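Engineer: Residue numbers (this note's numbering): 18 to 105.
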Amino acid sequence: MTVITIRPAPPTPVPEVVSSRQFKMQLEIDGLTARVEAWVSSQPKLVQIAYVESKAFNRDDPMLRSGFAALGYSSTRVDAFFTAASKL
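#1: Taking A101 as the reference, give the member of Y68, P79, S58 and K41 with the closest Cα.
#2: Across the segment 24–39 and the segment 50–61, are there enough close Cβ pairs to call them in contact, namely three or more that are closer than 8 angstroms?
#3: Quick one: give me the first and last residue of the alpha helix (DSSP H) that S36 is part of.
#4: Would you mind working out which of V53, N75 and I66 sits nearest L88, comparing C-alpha positions?
#5: Mind reading off the beta-carbon distance from S37 to S71? Whole number of angstroms is fine, and I expect it under 8 angstroms.
#6: Among R76, N75, I23 and F85, which has the Cα closest to the Cα of L49?
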């Protein structure tokens, strides 16, 4: 008799980077665009430039972590956000 062991598939890794388009579309889907843009406008000019001009968003970027913290996002929610954004 042959024994077959079935194991669950390994979890899909959370993307470290999403494009600006993916990031901003996911903000809109989650209803966060206005809150994020208000937060960005209250930050130093370099943060504002980075938000507007970035071609991609890295989940480990200090600016990004500060923004998600200001929104009350846990690391689990940030993971879910990046995972959803990567599919757009």
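Glycine included, every Cβ here is placed at the ideal spot set by N, Cα and C.
Keep in mind it's a predicted model, so treat the numbers as computed, not measured.
Structural biologist: In this structure, then:
#1: Counting from one through the sequence shown, the residue named residue 101 turns up at place 84. Ranking the options by Cα distance to A101, first place goes to K41.
#2: no
#3: Translated into positions along the sequence shown, residue 36 becomes position 19. Segment V34 to S36 is the beta strand (DSSP E) holding S36; no alpha helix (DSSP H) there.
#4: To locate residue 88, count along the sequence shown from 1; it is residue 71. Checking every option, the nearest Cα to that of L88 belongs to V53.
#5: Position 20 of the sequence shown holds residue 37. Position 54 of the sequence shown holds residue 71. Confirmed, Cβ separation roughly 6 angstroms.
#6: Start at 1 with the first residue of the sequence shown, and residue 49 comes out as number 32. Of the listed residues, the one whose Cα sits closest to L49 is F85.
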